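Before any comments, here is the structure.
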Amino acid sequence: MIIEGILAVITSPVCLILVFLGVVVGIVFGSIPGLSATMALVLFLPMSFGMDPINGISLLIGLYIGGISGGLISAILLKIPGTPSSIATVFDGGPMADRGEAGRALGIGILYSFIGGIISVIALIFISPYLANIALKFTPFEYFAIAFFSLTIIASLSGDSLINGVLSGLSGMAFAFVGMAPLDSYTRFTFGNYQLLSGFDIVIILLGIFAVKDILEVGFNRKKIKAEGIKKTYKMKGFGISLEEFKEQFGNMIRSALIGLGIGILPGIGGSTSSILAYSAAKNTSKYPEKFGTGAIDGVIASETSNNATTGGALIPLLTMGIPGNTVTAVLLGGLMIHGISPGPLIFEKNGVFMYAIFTSLIIANIYMIIVEFLGINWFVKLLDIPKTILLPIVMVTCTVGAFAVNNRMFDVWGMLLFGLIGLLFKILDIPTTPFIIGFILSPMAEENLRRALLMSNNSIIPFFTRPISLVFIVLGFFSIAISIRRALKNKEFKEL
3 MIIEGILAVI TSPVCLILVF LGVVVGIVFG SIPGLSATMA LVLFLPMSFG
53 MDPINGISLL IGLYIGGISG GLISAILLKI PGTPSSIATV FDGGPMADRG
103 EAGRALGIGI LYSFIGGIIS VIALIFISPY LANIALKFTP FEYFAIAFFS
153 LTIIASLSGD SLINGVLSGL SGMAFAFVGM APLDSYTRFT FGNYQLLSGF
203 DIVIILLGIF AVKDILEVGF NRKKIKAEGI KKTYKMKGFG ISLEEFKEQF
253 GNMIRSALIG LGIGILPGIG GSTSSILAYS AAKNTSKYPE KFGTGAIDGV
303 IASETSNNAT TGGALIPLLT MGIPGNTVTA VLLGGLMIHG ISPGPLIFEK
353 NGVFMYAIFT SLIIANIYMI IVEFLGINWF VKLLDIPKTI LLPIVMVTCT
403 VGAFAVNNRM FDVWGMLLFG LIGLLFKILD IPTTPFIIGF ILSPMAEENL
453 RRALLMSNNS IIPFFTRPIS LVFIVLGFFS IAISIRRALK NKEFKEL
């Protein structure tokens, strides 16, 4: 069974070519702001219908792996996350590019994307049933506790001002409340505009906060930007990381991979949350946390290892229980069902050859990914040679197309411009945007699971403290808040109050 599954892929030129094409196209979709791995899979899903099941799903897997990893390219070179999973890569990848280390940042990001992906595939192959059983124990109580703990990291990513960081996080949460409420679909803050019923998409906010904001900033500071220029010292050896640095980052790598794997297993959370959690964990355990946000390789490693580790993690509940962990795996579920494959506990018994063929395709896709992206580094960094007077209009056009493609409506384009102005205002007022993104991403998860949990417990909060997993995360959350307050009390802004 195992040998048959492996041979079904490696002895099929068609399958190998399809995986390669999927990876290349996925990288393109992931690297273009506004596009995503989900869009790539949706576009190519009908094409897979007429293929052999192994070939069709292998194509989709190539798109999945390439799409998630490709987001680091624009995150580092343009400071715009190509996918939501690459949000945290911007924090240190962008500053590395600014000081002439774009190639090194890309090399490190690509290497650890590969490592994170391979670790998750190994977990998928050997321990997926056990991990799936753990995931089954998570109820709304545990999901809320995780969201609560994750929201407390806003303080650690607030920079020098806790007040500004909290203000930014609350602003993000406020925008997340726009639209229909979970469970009862009660409309909130729509002001009679039906376009707001579905709320704001995270892609729109990312394009506005990261792309449009920078374009507006360049426009207002044109002379200053031109005078500064861009360094181009991107020549390097290998992946840009020494053996000594690799050893130093081993703990960061393993921790980030485990975070990504764990978050990937839990349905509905996603790679953006895992990358932010891994980044925060790396910063809080670092000997030099002050270097984060200025171009520390630790941040790039944490983000890229974790968000690529979610790829295999998200497939664990999909294949063992038939539960998609995110929108990409939901599309994959559709592809599996169309080809007559029913995910569930008996999938290894009924479709053993197919399963090991999929595992083989995942490994090959990750190998293709690291080869294609590594060979393309010198081409990618040439983006920095393009004058900003040419590059920024192109970026604006791609962002506009990407914003429109989210829901096929101009309203999202105007929303992107709105968040661009908000991002510029935050920049002027020295308010960090990272807490805004975290608040927007996590508050819907926190709200929905809090309401579900209270319904299950007849409005009692006691189960939050009697369930072990929930209790651990709530205690960690309060511990994180206490540390943040203690740190803030030593800050000048509190001493002056």
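Mapping of the sequence shown onto the numbering used here: residues 3 to 499, in sequence order.
Yeah, the Cβ is synthetic: ideal placement off N, Cα and C, and Gly gets one too.
Computed from a prediction, not measured in an experiment: that's the story for all the values here.
Closest in alpha carbon position to A311, among G118, I299 and T189, is G118.
For M182, the beta-bridge partners assigned by DSSP are T189. If the five residues before and after I243 are omitted, its C-beta is found closer than 6 Å to the C-beta atoms of I110, all from its own chain and listed in chain order.
Taken atom to atom, the span from the alpha-carbon of E450 to that of I388 is near 45 Å.
Taken through DSSP and simplified to helix, strand or coil, G28 comes out as helix. Note that the C-beta distance between I365 and L321 is not below 7 Å. Ranked by how close their Cα comes to the Cα of L263, the residues I127, Y358 and L452 have I127 in first place. Remark: C-beta atoms of M175 and S445 approach each other more closely than 7 Å. Taking H341 as reference, the option from L62, I148, V26 and S482 with the minimal CA-CA separation is L62.
Secondary structure of Q197 (DSSP, three-state): helix. Of the other Cβ atoms in all chains shown, fewer than 16 fall within 10 Å of the Cβ of G240; this residue is therefore exposed.
Excluding the 5 residues flanking it on each side, R411 has same chain C-beta neighbours closer than 8 Å at Q197, in chain order. For the pair P326 and L335, the CB atoms are nearer than the 7 Å cut-off. In chain order, G422, G425 and L426 place their CB closer than 6 Å to the CB of K215, counting only its own chain and leaving out the 5 sequence neighbours on each side. Counting along the chain, the unbroken alpha helix (DSSP H) around L491 starts and ends at P470 to L491.
Residue burial annotation: P437 is buried, with at least 16 other C-beta atoms found within 10 angstroms of its C-beta.
The C-beta distance from I67 to N328 rounds to 14 Å, too long to fall under 8 Å, and the pair is not in contact. Of the candidates A490, I372 and L457, I372 places its Cα closest to the Cα of G69.
Contact between S274 and I443 holds, since their C-beta atoms are separated by about 6 Å, short of 8 Å. For A42, same chain residues with a beta-carbon under 7 Å away, outside a window of 5 residues either side, are V27, G28, F31, L65 and G69 in chain order. Residues I29, G32, S33, G84, L108, E375 and F382 of the same chain have their beta carbon placed closer than 8 Å to that of I75, with the five preceding and five following residues left out of the count. For the set N57, R106, S130 and I8, the Cα lying nearest the Cα of P345 is the one of S130. In the DSSP annotation of this structure, the continuous segment of the alpha helix (DSSP H) that includes T307 starts and ends at I299 to M323.
Spatial neighbours of M3 in its own chain (CB-CB distance under 8 Å, excluding positions within 5 residues in sequence) are listed in chain order as G354, V355 and Y358. With respect to T40, V408 sits apart: the two C-beta atoms are not nearer than 7 Å. Bounds of the alpha helix (DSSP H) holding L420 are M412 to I430. If only uninterrupted beta strand (DSSP E) runs of at least 3 residues are considered, none is enclosed by the stretch 335–417. Excluding sequence positions up to five before and after V25, its CB lies within less than 8 Å of the CB of G64, L65, I67, G68, A367, Y370, M371 and V374, all in the same chain and listed in chain order.
Per the coordinates, the alpha-carbon of F248 lies some 38 Å from the alpha-carbon of L338. For a cut-off of 8 Å, the C-beta gap from L473 to F481 is around 12 Å, too long to register as a contact. With fewer than 16 other Cβ atoms from the protein chains shown falling within 10 Å of its own Cβ, V399 counts as exposed. The three-state reading of DSSP puts G242 in coil, since its state is none of H, G, I, E or B. Unbroken alpha helix (DSSP H) stretches of 4 residues or longer found wholly inside the stretch 6–78: 15–33 and 39–50, given in chain order. If you draw a 10 Å sphere on the C-beta of L199, you find fewer than 16 other C-beta atoms in it, and that means exposed. DSSP, read as helix, strand or coil, puts I433 in coil.
Approximately 4 Å separates the beta-carbon atoms of T362 and V11; this is inside 8 Å, confirming the contact.
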